[in-house]
Amino acid sequence: MINHSATSASVSGLVHIGIVGLGAAGRAFIPAIQAHPGLRLVAVADPVEQVRHSVTNELGVTAYESLQDMLGHPGLDAVYIATPTDLHPEHVALACAAKKHVLVEKPMATNIEQAGMMIAAAEQAGVRLVVGHSHSYDLPIKRMRELIAGGTLGRVRMVNTWCFTDWIYRPRRPEELDAALGGGVTYRQGSHQFDIIRLLCGGMVKSVRARTFDWDSDRRAIGAHVAYLDFVDGSAATAVYNGYGRFSSMDLCFNIGEWGFMQPPESRQPVPRRSPDSTPEAELLEKQKRAKNAIPGSAPYQPFFGITLVSCDRGDIRQSPRGLYVYTNDGQTEIELPTDQTPRDLVMAEFHDAITGKAPALHDGKWGLANLEVCAAAIASSGTGLDVLLNHQVPVPASLPETSNRDPG
Ligand SMILES: NC(=O)c1ccc[n+]([C@@H]2O[C@H](COP(=O)([O-])OP(=O)(O)OC[C@H]3O[C@@H](n4cnc5c(N)ncnc54)[C@H](O)[C@@H]3O)[C@@H](O)[C@H]2O)c1
Numbered sequence: 015m016i017n018h019s020a021t022s023a024s025v026s027g028l029v030h031i032g033i034v035g036l037g038a039a040g041r042a043f044i045p046a047i048q049a050h051p052g053l054r055l056v057a058v059a060d061p062v063e064q065v066r067h068s069v070t071n072e073l074g075v076t077a078y079e080s081l082q083d084m085l086g087h088p089g090l091d092a093v094y095i096a097t098p099t100d101l102h103p104e105h106v107a108l109a110c111a112a113k114k115h116v117l118v119e120k121p122m123a124t125n126i127e128q129a130g131m132m133i134a135a136a137e138q139a140g141v142r143l144v145v146g147h148s149h150s151y152d153l154p155i156k157r158m159r160e161l162i163a164g165g166t167l168g169r170v171r172m173v174n175t176w177c178f179t180d181w182i183y184r185p186r187r188p189e190e191l192d193a194a195l196g197g198g199v200t201y202r203q204g205s206h207q208f209d210i211i212r213l214l215c216g217g218m219v220k221s222v223r224a225r226t227f228d229w230d231s232d233r234r235a236i237g238a239h240v241a242y243l244d245f246v247d248g249s250a251a252t253a254v255y256n257g258y259g260r261f262s263s264m265d266l267c268f269n270i271g272e273w274g275f276m277q278p279p280e281s282r283q284p285v286p287r288r289s290p291d292s293t294p295e296a297e298l299l300e301k302q303k304r305a306k307n308a309i310p311g312s313a314p315y316q317p318f319f320g321i322t323l324v325s326c327d328r329g330d331i332r333q334s335p336r337g338l339y340v341y342t343n344d345g346q347t348e349i350e351l352p353t354d355q356t357p358r359d360l361v362m363a364e365f366h367d368a369i370t371g372k373a374p375a376l377h378d379g380k381w382g383l384a385n386l387e388v389c390a391a392a393i394a395s396s397g398t399g400l401d402v403l404l405n406h407q408v409p410v411p412a413s414l415p416e417t418s419n420r421d422p423g
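Residues 15 to 423 in my numbering are what the sequence shown spells out, letter by letter.
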């Protein structure tokens, strides 16, 4: 097994990367890898023959049937793991054993024990482990964090993030609807929301109280949740997600959706419910067809993963179509942000910086585990009706600008 990569990439700065799992997430990151001057996509792996065929035709890279095979690719330094969530632990273990740096999709695993083993495997192998949550990389969210760190608005008191989509009726593999395998909206979409909230509130969640919902008897899965997060510093947050597709949070967000495209109501179609007779095979086929374009590239507006509203001592912040609105005693101002970098570009930049030693990753294994702990706590709280105290939280690292939560005001 090749064992040179961890050092050669950090010395040369050029990282040879392979993708395992070429579905919606795996394909979405191809342009981000291609756009980064320090990354070179050299291999892909997927068990589905047609998928391998179309990607090799498009990209001219070597395609393997399995991760094990891909790990033998000459000169491979790093692996982006975009396989179904329940396979992440096994795939991270294999990549670490082969001394490859790992970027793994969110949620990093289906339970905390597995996530802990993934972190240990990376530490033991001396490779970087990054968990690629993409929506806290959205530029408006990053800029919110910087504004908070700047301190002029004072302490963060509340963050409310609400998102209404058709998640539950999009084509799904059966595992995506099974919470035990990391499915349903709390693991899959809550992991974005809790990531955003933790970034803005400093990271240290004290307790979670939540209610999850599964209200379509033809489509059994957690399709909605309301979660209340209490932070050790006294700030608090709500995360609301509804994936049942009737109301869209685009109606609260200037008609702009998750990927930064404007869709006025007259251009939207009613979301078809799933028939109980729809077969997993038909749904899988539909999902595979959709994968290539499921997550589009660059967009004219900022991405809106629902509405995120931050309230600080001396002002409020929310996303605007072009960046952020900041509300203070002096009124409302807008901060414009560029649209020439996608959140996926920033994920890849963070991964590359971590590998080459330029900067440690914020979204490392411990950060990913802490997000996963919030997801699991929300589901557990819904079962018992009680607050769940958390034990695995980590603060926003000191190497990033500090949050303003220690402002005495
Ligand atoms: N960050 C984001 O925005 C985002 C978006 C979508 C999905 N995700 C995450 O990405 C992961 C995959 O989700 P998806 O929607 O892309 O799924 P998907 O079903 O579209 O793709 C999974 C791919 O993995 C392949 N695969 C299955 N078993 C494999 C194996 N043993 N070895 C190699 N490849 C295998 C499948 O053939 C398929 O091509 C999940 O963890 C999900 O939560 C993240």
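Built from N, CA and C at the ideal position, the CB exists for glycine as well.
Exercise. How about I126 and E387: do their beta carbons lie closer than 8 Å?
Worked result: Less than 8 Å separates the beta-carbon of I126 from that of E387.
For this session: With A391 as the anchor, note down where its beta strand (DSSP E) starts and where it stops.
Result: Boundaries for A391: no beta strand (DSSP E) harbours it, while the alpha helix (DSSP H) harbouring it runs 379–398, taken from the DSSP string.
Exercise. Roughly how many whole angstroms lie between the Cα atoms of A375 and E104?
Worked result: In this structure, the alpha-carbon of A375 lies about 22 Å from that of E104.
Exercise. With a cut-off of 8 Å, do at least 3 Cβ pairs link the stretch 50–68 to the stretch 385–400?
Worked result: Because the criterion of three Cβ pairs below 8 Å is not met, the stretch 50–68 and the stretch 385–400 do not touch.
Exercise. In chain order, which continuous runs of the alpha helix (DSSP H) of length 4 or greater are located wholly inside the stretch 37–114?
Worked result: The stretch 37–114 contains these whole alpha helix (DSSP H) runs: 38–42, 44–49, 63–73, 81–84, 102–111.
Problem set entry | Y255 versus W176 - alpha carbon distance | Their Cα atoms are separated by approximately 6 Å.
Exercise. Taking Cβ to Cβ, would you say Q82 is nearer than 8 Å to L108?
Worked result: Yes, the Cβ-Cβ distance between Q82 and L108 is below 8 Å.
Exercise. Along the chain, where does the beta strand (DSSP E) that runs through K220 open and close?
Worked result: According to the DSSP assignment, K220 belongs to the beta strand (DSSP E) that extends over 219–227.
For this session: Could you tell me if the beta carbon of R212 falls within a distance shorter than 7 Å of some heavy atom in ligand 1?
Result: No, since every heavy atom of ligand 1 falls outside the 7 Å radius drawn around the Cβ of R212.
For this session: Have a look at Q207, S292, V65 and flag the residue whose alpha-carbon is nearest the alpha-carbon of R234.
Result: The shortest C-alpha separation from R234 is found at S292.
For this session: Return the residue from the list H406, K380, I393 that minimises the CA-CA distance to V133.
Result: The question names Val, but residue 133 is Ile in the sequence shown. Closest option to I133, Cα to Cα, is K380.
Exercise. Is the number of C-beta pairs between the stretch 155–163 and the stretch 328–342 that are closer than 8 Å three or more?
Worked result: Yes: at least three Cβ pairs fall under 8 Å.
Exercise. Are there 16 or more other CB atoms within 10 angstroms of the CB of V145, so buried, or fewer, so exposed?
Worked result: Label assigned to V145: buried.
Exercise. Excluding the five sequence neighbours on either side, which residues of its own chain have a C-beta within less than 6 Å of the C-beta of A308, listed in chain order?
Worked result: Scanning its chain for C-beta atoms nearer than 6 Å, with the 5 sequence neighbours on each side dropped, one finds around A308 the residues A38, in chain order.
For this session: Taking 8 Å as the cut-off, decide whether the C-beta atoms of T97 and G35 are in contact.
Result: Yes. Within cutoff.
Exercise. For L376, does the three-state DSSP call read helix, strand or coil?
Worked result: L376: coil per DSSP, three-state reduction.
Exercise. Is it a yes or a no for the stretch 206–221 touching the stretch 230–249, going by three-plus beta-carbon pairs under 8 Å?
Worked result: The stretch 206–221, when compared against the stretch 230–249, does touch it at the 8 Å Cβ threshold.
Exercise. Hey, how far is the Cα of R328 from the Cα of L153?
Worked result: Roughly 22 Å between the two C-alpha positions.
Exercise. In terms of residues, what are the limits of the beta strand (DSSP E) holding Y255?
Worked result: First-last of the beta strand (DSSP E) with Y255: 250–256.
For this session: Assuming S148 and V408 form a contact by the criterion Cβ under 8 Å, report the distance between their Cβ atoms to the nearest whole angstrom.
Result: The pair is not a contact, with the Cβ atoms about 20 Å apart (cut-off 8 Å).
Problem set entry | Close Cβ partners of S249 (< 8 Å) along its chain, the five nearest in sequence each way excluded | R169, V170, R171, M172, V173, C215, G216, N419.
For this session: Would you tell me roughly how many angstroms separate the C-alpha atoms of D91 and V29, rounded to the nearest one?
Result: The alpha-carbon atoms of D91 and V29 are separated by roughly 6 Å.
For this session: Could you check the C-alpha separation between G345 and D330 for me, to the nearest Å?
Result: Rounded to the nearest angstrom, the two C-alpha atoms are 10 Å apart.
Problem set entry | Straight-line Cα distance separating K114 from D230 | When the Cα atoms are used, D230 and K114 turn out to be separated by approximately 42 Å.
Exercise. What span of residues does the alpha helix (DSSP H) with L161 cover, start to end?
Worked result: Start and end: 153–164.
For this session: Could you tell me whether any Cβ in chain D is nearer than 8 Å to the Cβ of S292?
Result: Among the chains in the structure shown there is no chain D, since it carries only a single protein chain.
Problem set entry | Alpha carbon of V410 to alpha carbon of Q128, nearest angstrom | So the alpha carbons of these two residues sit roughly 22 Å apart.
Exercise. Taking just the CA atoms, how far does T99 sit from A57?
Worked result: Taking the straight line joining both Cα atoms gives about 21 Å.
Problem set entry | S80 and A112 closer than 8 Å at C-beta | No.
For this session: Alpha carbon to alpha carbon, how far is P88 from I321? Give it in angstroms, no decimals.
Result: Cα to Cα, I321 sits roughly 45 Å from P88.
Exercise. In the stretch 233–289, which residue ranges form an unbroken beta strand (DSSP E) of at least 3 residues, counting only runs that do not cross its ends?
Worked result: Those beta strand (DSSP E) runs which fall completely within the stretch 233–289 and span 3+ residues are 238–245, 250–256.
For this session: Kindly list the residues whose CB is nearer than 6 Å to the CB of Y78, restricted to its own chain and excluding five residues on each side of it in sequence; keep chain order.
Result: A59, M84, listed in sequence order.
For this session: Scan the stretch 300–379 and note each continuous alpha helix (DSSP H) run of 4 residues or more that stays entirely inside, going in chain order.
Result: Whole alpha helix (DSSP H) segments, 4+ residues: 357–370.
Exercise. Is the Cβ-Cβ distance between E348 and S334 less than 8 Å?
Worked result: Their beta carbons are under 8 Å apart, which means E348 touches S334 by this criterion.
For this session: Taking only the alpha-carbon atoms, compute the straight-line gap between A305 and T398 and give it to the nearest angstrom.
Result: Roughly 37 Å separates the two Cα atoms.
For this session: Return yes when the C-beta of G37 is under 7 Å from any heavy atom of ligand 1, and no when it is not.
Result: Within the cutoff, so yes.
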